[in-house]
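Engineer: Below: one structure in structure tokens.
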Amino acid sequence: MARRKKIYEGKAKILYEGPEPGTIVQYFKDDATAFNAEKKDVIDGKGVLNNRLSEFFMNGLAQIGVPTHFIRRLNMREQLVRSCEIVPLEVIVRNYAAGSMSKRLGIAEGTQLPRPIVEYCYKDDALGDPLVTEEHIAAFGWASQQDMEDILSLALRVNDFMSGVMLAVGIRLVDFKIEIGRVYDGDYQRLIIADEISPDSCRLWDIETGQKLDKDVFRRDLGNLTDAYSEVARRLGVLPKSNVTKPTLIN
966 MARRKKIYEG
976 KAKILYEGPE
986 PGTIVQYFKD
996 DATAFNAEKK
1006 DVIDGKGVLN
1016 NRLSEFFMNG
1026 LAQIGVPTHF
1036 IRRLNMREQL
1046 VRSCEIVPLE
1056 VIVRNYAAGS
1066 MSKRLGIAEG
1076 TQLPRPIVEY
1086 CYKDDALGDP
1096 LVTEEHIAAF
1106 GWASQQDMED
1116 ILSLALRVND
1126 FMSGVMLAVG
1136 IRLVDFKIEI
1146 GRVYDGDYQR
1156 LIIADEISPD
1166 SCRLWDIETG
1176 QKLDKDVFRR
1186 DLGNLTDAYS
1196 EVARRLGVLP
1206 KSNVTKPTLI
1216 N
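See below:
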């Protein structure tokens, strides 16, 4: 499709104004970053895989009644999404201890948690997206009490769906993060899943071997990131194996 006015460029995506009012074109880049962008690289085909995988998960959520911003995929790197007001929080759901939780609390990576734990980080790259409590969220007006109840409900529904989908293909959903958007229908506000759901935003481990199939491959120099994401896509049937190695851009 014809390139439109750029609205925003982040670490992994570019947002352009959409073809209709209230829409945005979300373009997935091949850029990979870690440690608040201290580590950077360009990974051939990463954007294509994340576009297709996020489409798969967003469509699956819609089928079980979880509202998302996703409208349709436009091509191999772009999708049309509904414009929304992003709540300035990263919502993290943890099923097993890993990453920053293991470091903060001294819990061995891979330890199953007694129940899913939901954490919140304030979205601010300059501050390193600090962990915040519901008290901070309420005090600074980032979300209302009703919003927080709805966000918690959405996060746990996404967790149930994602855990089941991954378990069926032999992958453990260790943790993931989502972003939440506000949309308005007249005076009525509702919350929806926004941004993306992909191996960039999840920790995914092979159940049998413990092999990491997510961005930790890049963070920890554990191998080829495209191969890891391609394996997730192959197991889910998102792309045939022959098409997921170094995909090319189709406009």
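So the number in the numbering used here is just where the residue sits in the sequence shown, counting from 1, plus 965.
Quick reminder that beta carbons are idealized off the backbone N, C-alpha and C, glycines included.
#1: So, for residue 1179: in the same chain, excluding its five sequence neighbours on each side, which residues have a beta-carbon less than 6 Å away from its beta-carbon?
#2: Distance, Cα to Cα, residue 1084 vs residue 995?
#3: By the three-class DSSP mapping on this structure, what secondary structure does residue 1098 have?
#4: State the Cα-Cα distance for the pair residue 1200 and residue 1136, rounded to the nearest angstrom.
#5: Could you name the residues of the same chain whose beta carbon sits closer than 8 Å to that of residue 1185, not counting the 5 residues immediately before and after it, in chain order?
#6: Once you ignore the five residues that flank residue 1196 on each side, which residues in its own chain have a CB closer than 8 Å to its CB?
#7: Would you kindly work out how many angstroms separate the C-alpha atoms of residue 976 and residue 1089, rounded to a whole number?
#8: Pick helix, strand or coil for residue 1060, following the three-state DSSP scheme.
#9: Rounding to the nearest angstrom, what Cα-Cα distance links residue 1098 and residue 1104 in this structure?
#10: Quick check on residue 1054: buried or exposed, where buried means 16 or more other Cβ atoms within 10 Å of its Cβ?
#11: Compute the distance between the beta-carbons of residue 1047 and residue 1157, then report whether it is under 9 Å.
#12: Give me the residue from 1102, 1141 and 990 with the minimum Cα distance to residue 1045.
#13: First and last residue of the alpha helix (DSSP H) that includes residue 1197?
#14: Taking only the alpha-carbon atoms, compute the straight-line gap between residue 1012 and residue 1132 and give it to the nearest angstrom.
#15: Quickly, what does DSSP pair residue 1022 with across the bridge? List them, please.
#16: Using a Cβ-Cβ cut-off of 8 Å (strictly less than) and excluding sequence neighbours within five positions of residue 972, which residues of its own chain qualify?
#17: Could you compute how far the alpha carbon of residue 1040 sits from the alpha carbon of residue 1033?
#18: Excluding the 5 residues flanking residue 1070 on each side, which residues of the same chain have their C-beta closer than 8 Å to its C-beta?
#19: Check whether the Cβ atoms of residue 1155 and residue 1029 sit closer than 9 Å, and answer yes or no.
#20: Which full runs of the beta strand (DSSP E) of 3+ residues lie inside the region 1140-1190, going along the chain?
#21: Let me confirm a value: residue 1145 is counted as buried when at least 16 other C-beta atoms fall within 10 Å, else exposed. Which label applies?
#22: Per DSSP, residue 996 forms a beta bridge with which residues?
#23: Please return the same chain residues whose Cβ sits closer than 6 Å to the Cβ of residue 1108, not counting the five positions on each side in sequence.
#24: Where does the unbroken alpha helix (DSSP H) through residue 1074 begin, and where does it stop?
#25: Look at the alpha carbon of residue 1216 and the alpha carbon of residue 997, and state the distance between them as a whole number of angstroms.
Structural biologist: This is what the structure gives:
#1: Residue 1179 sits at position 214 when you count from the first residue of the sequence shown. If we look at residue 1179 and ignore the five residues flanking it on each side, its Cβ neighbours are 1164, 1167, 1168 and 1169.
#2: Taking the sequence shown and counting its residues from 1, the one referred to as residue 1084 is at position 119. Taking the sequence shown and counting its residues from 1, the one referred to as residue 995 is at position 30. Approximately 28 Å, taken between the alpha carbons.
#3: Taking the first residue of the sequence shown as position 1, residue 1098 is located at position 133. DSSP places residue 1098 in coil when its eight states are reduced to three.
#4: Along the sequence shown, one-based indexing puts residue 1200 at 235. Along the sequence shown, one-based indexing puts residue 1136 at 171. Answer to the nearest angstrom: the Cα atoms are 9 Å apart.
#5: Locating residue 1185 in the sequence shown gives position 220, where the first residue counts as 1. Taken in chain order, the residues that qualify are 1177.
#6: Reading the sequence shown from its first residue, position 231 is the one you call residue 1196. Within the same chain, residue 1196 has close Cβ partners 1178.
#7: Within the sequence shown, the letter at position 11 stands for residue 976. Within the sequence shown, the letter at position 124 stands for residue 1089. For residue 976 and residue 1089, the distance between alpha carbons rounds to 13 Å.
#8: Along the sequence shown, one-based indexing puts residue 1060 at 95. DSSP, read as helix, strand or coil, puts residue 1060 in strand.
#9: Translated into positions along the sequence shown, residue 1098 becomes position 133. Translated into positions along the sequence shown, residue 1104 becomes position 139. Straight across, the Cα-Cα distance linking residue 1098 with residue 1104 is about 10 Å.
#10: As a working note, residue 1054 is residue 89 in the sequence shown. Residue 1054 is buried by the Cβ-count criterion.
#11: Residue mapping note: residue 1047 aligns to position 82 of the sequence shown, counting from 1. Residue mapping note: residue 1157 aligns to position 192 of the sequence shown, counting from 1. The answer is yes: Cβ separation under 9 Å.
#12: Residue numbering aside, residue 1045 sits at position 80 when the sequence shown is read from its first letter. Out of 1102, 1141 and 990, 990 has the C-alpha closest to the C-alpha of residue 1045.
#13: The residue given as residue 1197 occupies position 232 in the sequence shown. Per DSSP, residue 1197 belongs to the alpha helix (DSSP H) from 1190-1201.
#14: Against the sequence shown, residue 1012 aligns to sequence position 47. Against the sequence shown, residue 1132 aligns to sequence position 167. Each residue's Cα considered, the two are about 24 Å apart.
#15: Stepping through the sequence shown from its first residue, residue 1022 is reached at position 57. BP columns for residue 1022 are empty, so no partner.
#16: The count along the sequence shown starts at 1 and reaches residue 972 at position 7. Only residues of its own chain outside the window of five on either side were considered, and among them 980, 981, 982 and 989 have a CB closer than 8 Å to the CB of residue 972, listed in chain order.
#17: For the purposes of this step, residue 1040 is identified with residue 75 of the sequence shown, where counting begins at 1. For the purposes of this step, residue 1033 is identified with residue 68 of the sequence shown, where counting begins at 1. Those two C-alpha atoms are separated by around 19 Å.
#18: The residue labelled residue 1070 in the question sits at position 105 within the sequence shown. Excluding positions up to five away in sequence, the list reads 1062.
#19: Position 190 of the sequence shown holds residue 1155. Position 64 of the sequence shown holds residue 1029. Not in contact: residue 1155 and residue 1029 (Cβ atoms no closer than 9 Å).
#20: Counting whole runs of 3 or more residues, the region 1140-1190 contains the beta strand (DSSP E) stretches 1153-1159 and 1167-1171.
#21: Looking up residue 1145 in the sequence shown gives position 180. Counting Cβ neighbours within 10 Å, residue 1145 comes out buried, since at least 16 surround it.
#22: Reading the sequence shown from its first residue, position 31 is the one you call residue 996. Within the DSSP bridge table, the entry for residue 996 names 1007 as partners.
#23: What you label residue 1108 is simply residue 143 of the sequence shown in a count that begins at 1. Cβ within range, chain order: 1052 and 1102.
#24: As a working note, residue 1074 is residue 109 in the sequence shown. Taken as a continuous stretch (DSSP letters only), residue 1074 belongs to no alpha helix (DSSP H), as it is neither H nor E.
#25: Position 251 of the sequence shown, counting from 1, holds the residue named residue 1216. Position 32 of the sequence shown, counting from 1, holds the residue named residue 997. Confidence in residue 1216 is poor, its pLDDT being 43 and thus under 50, which makes the residue's placement unreliable; the coordinate value appears in the next sentence. So the alpha carbons of these two residues sit roughly 22 Å apart.
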